[in-house]
Amino acid sequence: MKKIFFTLLFFTIVTTVSAQKNKISDTTQVWSRYRNAVLFNDLDVAKNALFELIAMQPQVTTHYDSLANIYFRMGAYEQAILAADKAPQRDVLKEIQAYSYRNLGDVKTALPLFESLFTASGSPEHGYQLATLQYSLKRLGECAITASKVSVHPDSKKEKVIISTEQGENMHVSYHAAAENLMGVLYLELGKKELAKESFIKAITDTPEFTLAKKNLASINSEAETPVKQ
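So that you can map any letter, position 207 of the sequence shown is 250 in our numbering, and since no number is skipped, the others follow by simple counting.
Given below as structure tokens:
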């Protein structure tokens, strides 16, 4: 009986160790598949590999961090937000959530996230995104303050943002130029044409090919040249 018991015990231990080794081996293979998928930008394969890892290691919540990033890169913003909610909170995940809400058109939810990001980083990128959201919600006083901070930031003339033209083309302009153009539009809305003109000129001086700022400046000049009808 003892012999049978020890034989069974030994078999159980060997089986358990073997299963653990197989599990580790399986996890390693899935991780390898995930890394290769990311390397080749095959996001569907990468996403599926992450779901396998989550099933194998449900206690490892950092997998949701990677999943949120993959979903964001795929343009699946609602899923990116859900995955980010399940991951340990970090600024990079807050950034994914902020941009996801913005891209989904949920400006009111995106705004406080960008406020938090800008407070923490002070970066021109976060500041400019915050200013555009403040403008869209007609929080004009806050927008002016934020845009001014972006304009004078030491890196605002070096770092670039993509601006879409009316023709649907994308162009890279400095955050300084983008912030000055936004301030110009803001001043126009407040009826302060001279201040608007100064801002548009600053934007064009920094980025001469900034067609949007040039068009805004031209609209002010054409109004000044047109006789006022009594």
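Glycine included, each C-beta is placed from N, C-alpha and C at the ideal position.
None of these values were measured; they are calculated from a predicted model.
Taking just the CA atoms, how far does residue j sit from residue i?
| i | j | result |
| --- | --- | --- |
| residue 72 | residue 143 | 31 Å |
| residue 94 | residue 132 | 20 Å |
| residue 111 | residue 100 | 17 Å |
| residue 154 | residue 190 | 14 Å |
| residue 64 | residue 108 | The predicted position of residue 64 is uncertain, since its pLDDT is 47 and thus under 50; a value taken from the coordinates is nonetheless stated next. Taking the straight line joining both Cα atoms gives about 26 Å. |
| residue 148 | residue 115 | 15 Å |
| residue 103 | residue 165 | 32 Å |
| residue 263 | residue 226 | 14 Å |
| residue 52 | residue 139 | In this predicted model, residue 52 has a pLDDT of only 42, less than 50, meaning its place in the structure is not dependable; the value taken from the coordinates is given anyway. Answer to the nearest angstrom: the Cα atoms are 51 Å apart. |
Please look up how many angstroms separate the CB atoms of residue i and residue j, rounded, as I've assumed it's under 8 Å.
| i | j | result |
| --- | --- | --- |
| residue 120 | residue 171 | At roughly 20 Å, the Cβ-Cβ gap does not stay under 8 Å, so residue 120 and residue 171 are not in contact. |
| residue 247 | residue 239 | Actually they are not in contact, since the Cβ atoms of residue 247 and residue 239 sit about 13 Å apart, beyond 8 Å. |
| residue 203 | residue 216 | 7 Å |
| residue 198 | residue 163 | Not really, about 16 Å apart at Cβ, beyond 8 Å. |
Kindly indicate which residue of the options has the alpha-carbon position closest to the one of residue i.
| i | options | result |
| --- | --- | --- |
| residue 152 | 161, 130, 176 | 176 |
| residue 260 | 242, 250, 252, 249 | 242 |
| residue 230 | 103, 181, 135 | 181 |
| residue 150 | 127, 179, 212 | 179 |
| residue 233 | 161, 183, 209 | 183 |
| residue 265 | 251, 245, 250, 236 | 236 |
| residue 145 | 126, 174, 96, 106 | 174 |
| residue 192 | 214, 140, 222, 258 | 222 |
* Asked: Curious, which full-length alpha helix (DSSP H) runs of at least 4 residues does the stretch 164-215 contain?
  -> 167-179, 183-194
* For the stretch 93-132, list the alpha helix (DSSP H) runs that are entirely contained and at least 4 residues long, ordered along the chain. => 106-117, 120-129
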